[in-house]
Amino acid sequence: MAAATDDAGDSNEMIRVVSSDGEHFEMPEAAANLSLVLRHMIEDDCADAAGIPLAVVAAKPLAKIVDYCTKHAAKSSGLTIEEAEELKRFDAEFIEVDTDMLYDLLVAADFMGVEGLSKLAVQRTADLIKGKTPEQNRETFGIVNDFTPEEEEEICKENEWAFQITKPPSRLC
Amino acid sequence: MDGKRKRPGGTMETRATKCRTMQLLHELGTSAKIIDAPYVEIMPELPLDKLPEDILRHICSFMPLKDAARAACVSHGFLRCWRHYPILIFNSETLGLIKRKLGLDAEEVPLYESAFRGNDKESHAVSKIDHIIKNHSGIGVKVLKLRLFPCPKISGAVIDRWLETVIKPGIKELSLEMSSCKKRTEYNFPCSVLSNKAGGGTIQSLFLYSCAFHPTVTLGCNSLTSLHLCEVHICGEELGQFLSNSFALERLVISDCNDIIQFKVPCRMQQLKYLEVTKCQMLQVIEIDAPKLSTFIYWDVGVQISLGDPLQVKYIRLMGYKQPNTVCYARTELPSIMPNVESLIVSSTDEVKQ
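Line order of the protein sequences matches chains D and V. The first sequence lines up with residues 1 to 173 when you count with the numbering used here. The second sequence lines up with residues 1 to 354 when you count with the numbering used here.
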């Protein structure tokens, strides 16, 4: 990666960030400002040529986050209807990821304080969980059933209503 | 990291700014030492329910009630989230009055009412809501919406109990929609749940549909920004007094409230920006001093209107009802009452027909 210009006061300055596995990334300052953590680091004058280390964000999700922030920063103010729709399409394609990447994005966006991305990842996860049975959800997300049989029976009984495809008390059962 | 800082000297400042970042990371729920730690291995893959609990709760809050309840059966992590699920919305679907197939291609099919006999529908809904509310008392519910219009026979005492159990300081939004079936006994909204000890101090949005609301003279909600009353029995004096005690109100919608004859608010409504008064058949007078009012939607040109002076209203929608002279009124009278209008929409079906 090219060295970042160390020119304080230049609003087009590129900000360097370093992933937990040591990869360097660059993005415009406006993009970095979408992350609460990076924005405060920049304000605190912690952004320099060596890059801001993000010790819990690996290169793979970080590359995605840099993409997201760069795209959204370029289209932040005064959006036309077409641009807003394009951004929506970008988001929809962006979040079509496997569950491993989705976990990484959930954690990384939360850690970096990228609000829009957090919401996008949370919504995507909620959409994946919706409409499934508990067993299907365990399979999809690699979750171990940590209930004892007694606990499971109790909780399923308590939330029995949520499984009812249709259950009027008298007929149609 | 300090060694790489560009700003020379100023150790105090360095410490101060660093503290701010640490503070921020702390607020974000992340251990502050992470940022100074050496590079660590790539995050190990985690099953979803091992995510930090605030993220998991966030995910659950993006799901409808029924899905969140079903997810509670997946694991302890999800069960904890369900116990803290802060948005309780009870409608035909959550009440099981609409059929929904499980699976990715979820589709909704209305369940024929004939499937329920007599009071079955009500007892079915009551036992469900009772159960959920019991498990969510004292966790800080933020939104409570009770859409009870499919169940006209639910007793008032039961609804009182639900409201008293759920509405605690911290509640932001309350919506109660009762059946407008004329045969049922009208529900009288318990004003005590809006006292400061209950939800009155924090509630921001209140929507009441088809019930009676008789606030006491001193009752007011100082965080309330939006109030919507539809088919509510409340008289003009009670409404005026309640509004005077709810000074943060920005948006007020009143429709089909036929006990209101004179709608006068004794105090200045400093924050009121949006006012909509429609289909109140008996209404004769609207008198509010609302210096920031910018949108005014009303129905009957026969009503005497005084909205304070100087008037900033820029957008008006006038929905003429059984008034033969609405268009004429809009052209001749309105400009003198509201001189700053930028946009005026007039609909007057009777005149178009002629």
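Think of the CB as a built atom: it goes at the ideal place given N, C-alpha and C, for glycine as much as any other residue.
Exercise for the section: Pull up the CB-CB distance for V/C210 and V/E177, whole angstroms please, since I reckon it's below 8 Å. Expected result: As written in the sequence, residue 210 of chain V is Ser, which differs from the Cys given in the question. Confirmed, about 7 Å.
Handout entry: Cα-Cα separation between D/E115 and D/S35, rounded to whole angstroms
Key = 8 Å
Handout entry: CB of D/I65 within 9 Å of CB of D/I15, strictly
Key = no
Problem - Residue environment, V/M282, which counts as buried when at least 16 other CB atoms sit within 10 Å - result: exposed
Practice task
Please confirm whether V/I379 and V/A69 have their CB atoms less than 9 Å apart.
Solution key: This structure leaves residue 379 of chain V out entirely; chain V is present only between 1 and 354.
Problem - 9 Å Cβ cutoff, V/L104 in contact with chain D - result: Reliability of the predicted coordinates at V/L104 is poor, the pLDDT of 35 falling under 50, and the value obtained from them is presented with this limitation in mind. Closer than 9 Å to some Cβ of chain D, the Cβ of V/L104 qualifies, so yes.
Handout entry: Chain-ordered chain D contacts of V/F62 [CB-CB under 7 Å]
Key = V122, Q123 and A126
Exercise for the section: Using three-state DSSP, classify V/Q262 as helix, strand or coil. Expected result: strand
Practice task
Under 6 Å Cβ to Cβ from V/G103, same chain only, skipping five residues before and after it: list those, please.
Solution key: Residue placement at V/G103 cannot be trusted, given a pLDDT of 38 that sits under 50; what the coordinates show is reported in the next sentence. The answer is none, since no qualifying residue turns up.
Problem - Counterpart residues of D/H24 in DSSP-defined beta bridges - result: D/V18
Handout entry: Rounded separation between D/S19 and D/E43 - CA only
Key = 20 Å
Problem - For V/V313, the nearest candidate out of V/T278, V/C280 and V/K292 (CA to CA) - result: V/K292
Practice task
Please work out which residues of its chain come closer than 6 Å, Cβ to Cβ, to D/A32, disregarding the five sequence neighbours upstream and downstream, and give them in chain order.
Solution key: I15 and L38
Problem - Residue nearest to V/S294 in terms of C-alpha spacing, selected from V/V301, V/C235 and V/L275 - result: V/L275
Problem - Cα-Cα separation, V/V303 to V/V285 - result: 5 Å
Exercise for the section: Measuring alpha carbon to alpha carbon, tell me which of V/V277, V/F247 and V/R251 ends up nearest V/I261. Expected result: V/V277
Exercise for the section: Entirely within the stretch 34 to 68 of chain D and at least 3 residues each: give me those beta strand (DSSP E) ranges in chain order. Expected result: none
Problem - Beta-carbon spacing of V/F62, D/A126 below 9 Å - result: yes
Exercise for the section: Output the distance between the C-alpha atoms of V/P64 and D/D45, rounded to the nearest integer angstrom. Expected result: 43 Å
Exercise for the section: Compare the Cα-Cα distances from D/I155 to each of V/A290, V/V265, V/C235 and V/R80 and report the closest residue. Expected result: V/R80
Exercise for the section: Taking only beta-carbon positions, decide if D/L87 is within less than 9 Å of chain V. Expected result: no
Exercise for the section: In the DSSP assignment, find the unbroken alpha helix (DSSP H) run with V/C257 in it and report its ends. Expected result: Element bounds for V/C257: n/a, residue is neither H nor E.
Practice task
Use the C-beta contact count for V/C280: other C-beta atoms within 10 angstroms, 16 or more gives buried, fewer gives exposed.
Solution key: buried
Practice task
Provide the residue(s) that pair with V/F207 in DSSP beta bridges, ordered along the chain.
Solution key: V/S175 and V/H228
Exercise for the section: Assign V/S114 to one of two classes, buried (16 or more other C-beta atoms within 10 Å of its C-beta) or exposed (fewer than that). Expected result: Because the pLDDT at V/S114 is just 46, under 50, the model does not fix this residue reliably, and the value given afterwards should be weighed accordingly. The residue in question, V/S114, is exposed, as its Cβ has fewer than 16 Cβ neighbours within 10 Å.
Handout entry: Proximal chain D residues relative to V/A69, where beta-carbon distance stays under 8 Å
Key = N159, W161 and A162
Practice task
Enumerate in chain order the residues of its own chain whose CB-to-CB distance from V/R147 is below 6 Å, with the five nearest sequence positions on each side excluded.
Solution key: N91 and E177
Problem - Buried/exposed call for V/Q270, threshold 16 Cβ in 10 Å - result: exposed
Handout entry: Whole-angstrom distance between D/L54 and V/H121, CA atom to CA atom
Key = Correcting the residue type first, residue 121 of chain V is Lys in the shown sequence and not His. Roughly 55 Å separates the two Cα atoms.
Problem - Distance CB(V/S192)-CB(V/G220) smaller than 9 Å - result: no
Exercise for the section: For V/R57, name the three-state secondary structure that DSSP assigns. Expected result: helix
Practice task
Can you have a look at V/R57 and say buried or exposed, based on whether 16 or more other CB atoms are within 10 angstroms of its CB?
Solution key: buried
Handout entry: Exposed unless 16 or more other CB atoms sit within 10 angstroms - verdict on D/N137
Key = buried
Practice task
Report the residue from V/E287, V/K142 and V/I59 whose alpha carbon sits nearest the alpha carbon of V/I203.
Solution key: V/K142
Handout entry: Residue environment, V/C181, which counts as buried when at least 16 other CB atoms sit within 10 Å
Key = exposed
Exercise for the section: Would you kindly work out how many angstroms separate the C-alpha atoms of D/E85 and V/R161, rounded to a whole number? Expected result: 46 Å
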